[in-house]
Every structure is written in C-alpha cells, then in structure tokens.
Amino acid sequence: MSAIAIGHAEEQDHGHAHEIDLATYQENTRRNRLGMWLFFASEAFLFLALLATRFYLWRGPHGEIVRPDLGQTAGLVVTVILLLSSYFMNRAEVSIANNKRTDFLISLLITAVLGTAFLVGVVVWEWGMFPSLVEGHIKPTDGVFGAVVFGMTGMHALHVLSGVVLILNVWWLGRKGHFSSERHWGVEACAIYWHYVDLVWIFFYPALYLIGETIGAGH
Amino acid sequence: MSEHSTTKRRSGIYREGVLVAIGLTILTAVEFYIALNLSSFAIMMILALLKAILVVNYFMHIRSLWSEDEH
Numbered sequence: 015m016s017a018i019a020i021g022h023a024e025e026q027d028h029g030h031a032h033e034i035d036l037a038t039y040q041e042n043t044r045r046n047r048l049g050m051w052l053f054f055a056s057e058a059f060l061f062l063a064l065l066a067t068r069f070y071l072w073r074g075p076h077g078e079i080v081r082p083d084l085g086q087t088a089g090l091v092v093t094v095i096l097l098l099s100s101y102f103m104n105r106a107e108v109s110i111a112n113n114k115r116t117d118f119l120i121s122l123l124i125t126a127v128l129g130t131a132f133l134v135g136v137v138v139w140e141w142g143m144f145p146s147l148v149e150g151h152i153k154p155t156d157g158v159f160g161a162v163v164f165g166m167t168g169m170h171a172l173h174v175l176s177g178v179v180l181i182l183n184v185w186w187l188g189r190k191g192h193f194s195s196e197r198h199w200g201v202e203a204c205a206i207y208w209h210y211v212d213l214v215w216i217f218f219y220p221a222l223y224l225i226g227e228t229i230g231a232g233h
Numbered sequence: 069m070s071e072h073s074t075t076k077r078r079s080g081i082y083r084e085g086v087l088v089a090i091g092l093t094i095l096t097a098v099e100f101y102i103a104l105n106l107s108s109f110a111i112m113m114i115l116a117l118l119k120a121i122l123v124v125n126y127f128m129h130i131r132s133l134w135s136e137d138e139h
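Going line by line, the protein sequences match chains A and B. Each residue of the first sequence is one higher than the last, beginning at 15 in our numbering. Each residue of the second sequence is one higher than the last, beginning at 69 in our numbering.
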C-alpha cells in the first residue's frame with residue numbers, strides 16, 4: 015500500500031517537474047522568438063540597402079527607373095518554387111505541432127528539395143554558371159546592372175543555401191526524435207528563417223524582374 | 069478537447085496554409101501580368117506588401133511575439 019502511495023507521489027512529482035520544465039521551455043521560446051525577430055530586423059537593413067542601391071543606380075538617361083533584360087521565365091519559375099517551399103515549410107511546422115512525424119519529415123525534405131531547385135535555377139539559369147548548359151542573361155562585369163543583379167541575388171542565394179543546410183539539420187534531428195508537439199523551437203526557428211528568405215525575395219523579384227522599362231545590360 | 073474537435077482544428081490549420089499559398093500564387097500571377105501590361109511601380113509595391121503581410125502574419129506567426137497562446 016505504502017509502495018503504491020510512494021509510487022503515486024513520485025509520479026505526481028515527476029508530472030510537476032515536467033510542468034515546470036515545460037513552462038521554462040515556453041518562457042525561453044518566447045525570448046528566443048524575440049531574439050530571432052531582432053536578428054531579422056538587423057538583416058532587413060542589409061537587404062533594404064541592396065534594394066535602395068537598385069533603385070538608385072538603375073536609372074535611364076532621364077532619371078526613369080529601368081532594368082536589364084533578365085529571363086522572365088526563369089524569374090517567375092524560381093519565385094513560384096520559393097513560394098511553394100514556404101508552403102511546405104509551414105506544413106512541416108504545423109505537422110510537428112500536431113505530432114504528425116511522417117508528414118513533418120516529408121514536408122521538410124520537400125522544402126529542402128525546392129530550396130535547392132531555387133538555387134539551381136538562379137545559379138544555372140540566371141547567372142549562367144554553366145554556359146554549356148544555359149547561357150546566362152547577365153554577367154557580373156555588365157556595369158551597374160551586373161553588379162546589382164549579382165549582389166542582390168548572390169546575397170539572397172547565400173541565405174537560401176544556409177536555409178537549406180538548416181532544414182537538413184532539423185530533418186536529421188527530427189528523424190532522431192528531437193522534437194515533439196510541445197518542444198519544437200528548433201523547427202519554428204528554422205521555419206521563420208525560411209519564410210524570411212521568402213519574404214526578402216517577395217521584394218527582390220519585382221525590383222529585379224518587373225519594375226521599370228527594359229534596357230540593354232551593356233549600359 | 070474531444071478527438072473530433074482536435075481533428076477539425078488540425079484540418080483548419082492545414083487549410084489555412086493552403087489558402088495562404090493560393091493567395092500568394094494569385095498575387096504573383098497578378099504581379100507578373102501587371103508588369104507585362106501596365107508597369108506601375110506603385111501597384112507592384114502594393115502587391116509585394118500584400119504578399120509580405122500574408123507571409124509575416126500566417127507563416128511567420130508575428131502575433132506569437134506578444135500573444136502567449138499563439139503557436
């Protein structure tokens with residue numbers, strides 16, 4: 015009888031400790047979230063500077079906004095790929111929050127594949143890194159157009175690359191059971207970072223591909 | 069919470085992601101169409117802002133910064 019009572023008390027203690035532990039975890043997560051958003055704010059200065067550079071330098075003879083003739087198909091396709099990847103990242107986050115482990119792992123993998131496809135699209139299709147496969151639309155040496163295109167897409171591609179590495183890391187940890195519906199800050203951080211990368215492209219895409227009159231890259 | 073209401077809530081959250089993705093795709097298509105036919109800086113920026121609001125609000129859960137219940 016007393017053994018059962020002790021066992022019950024231990025169970026209660028364990029449950030209480032778990033609750034305290036979870037409360038601490040949630041409190042830490044709230045702080046981590048704030049830190050992550052402050053990091054985004056600092057990153058925003060970098061990307062806003064690049065955007066400002068584009069609108070300052072890409073001007074026609076009469077001060078009108080212009081842009082080089084980049085591949086419209088390439089731009090649209092990589093944009094849709096990145097938007098799709100954001101959807102799957104969100105799906106992964108929702109899945110782990112609902113303890114749907116298989117959905118979570120599959121969605122993460124799809125996100126990583128789509129992120130890689132975006133990178134390949136930019137590097138191969140737009141930059142023309144492999145001219146034997148695809149002739150690129152612009153070179154880094156093409157004056158302000160080349161400098162701005164490669165500066166903006168390069169900085170963004172670097173973030174996409176680090177995002178893909180992060181996603182694969184989370185996937186690997188997820189496979190080993192590191193995350194649960196209650197404790198998955200690692201997944202959330204990775205997800206909001208990935209959406210941030212998408213958010214940057216939401217402004218970079220029209221700035222590079224859509225806004226302004228088309229003008230030759232040689233100017 | 070009953071099994072039925074939990075399942076309903078889950079499918080609601082999944083559906084929200086699908087709706088946001090559809091919204092983003094439609095806005096991108098509109099953006100592309102306007103760029104080819106109208107080329108208006110203001111409209112392009114408004115469309116980009118609308119897309120950004122969708123992403124920040126629904127995918128990045130900005131509300132979770134000040135709300136304790138938000139995931």
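C-beta: ideal position from N, C-alpha, C; glycine also. This one's a predicted model, so the numbers in the text were calculated from it and none came from an experiment.
Query, Result
"Cutoff 9 Å: B/Val124 Cβ touching any chain A Cβ", "yes"
"Straight-line gap, A/Ser195 to A/Lys153 (C-alpha atoms, nearest Å)", "47 Å"
"Residue environment, A/Pro220, which counts as buried when at least 16 other CB atoms sit within 10 Å", "buried"
"DSSP-derived helix/strand/coil call for A/Pro145", "coil"
"Environment of A/Phe159 [buried if 16+ CB atoms lie within 10 Å]", "buried"
"Same chain, Cβ closer than 7 Å to A/Trp141, neighbours up to 5 away in sequence not counted", "Gly150"
"Given 8 Å, three or more beta-carbon pairs between the region 207–219 of chain A and the region 118–131 of chain B", "yes"
"Chain A contact residues for B/Ala110, given Cβ-Cβ distances below 7 Å", "By Cβ distance, chain A contributes nothing, its closest Cβ being about 10 Å from B/Ala110, past 7 Å."
"Buried or exposed (CB count within 10 angstroms, at least 16 for buried), A/Asp35", "exposed"
"At least 3 beta-carbon pairs within less than 8 Å: the region 201–210 of chain A vs the region 97–113 of chain A", "yes"
"Residues near A/Phe119 by beta carbon distance below 7 Å, same chain, minus five either side", "Sequence check: residue 119 of chain A is Leu here, not Phe. The answer, listed in chain order, is Trp185, Gly188 and Arg189."
"Residues of the region 100–129 of chain A whose Cβ lies closer than 7 Å to any Cβ of chain B, in chain order", "Ser100, Tyr101, Asn104, Arg105, Val108, Ala111 and Asn112"
"Where A/Thr93 meets chain B, residues with beta-carbon distance less than 7 Å", "Thr96"
"Alpha-carbon spacing of A/Ala171 relative to A/Phe53, whole angstroms", "18 Å"
"Between the CA atoms of B/Leu115 and B/Gly91 - distance to the nearest angstrom", "11 Å"
"is_contact[A/Pro75, chain B] using C-beta, thresh 9 Å", "no"
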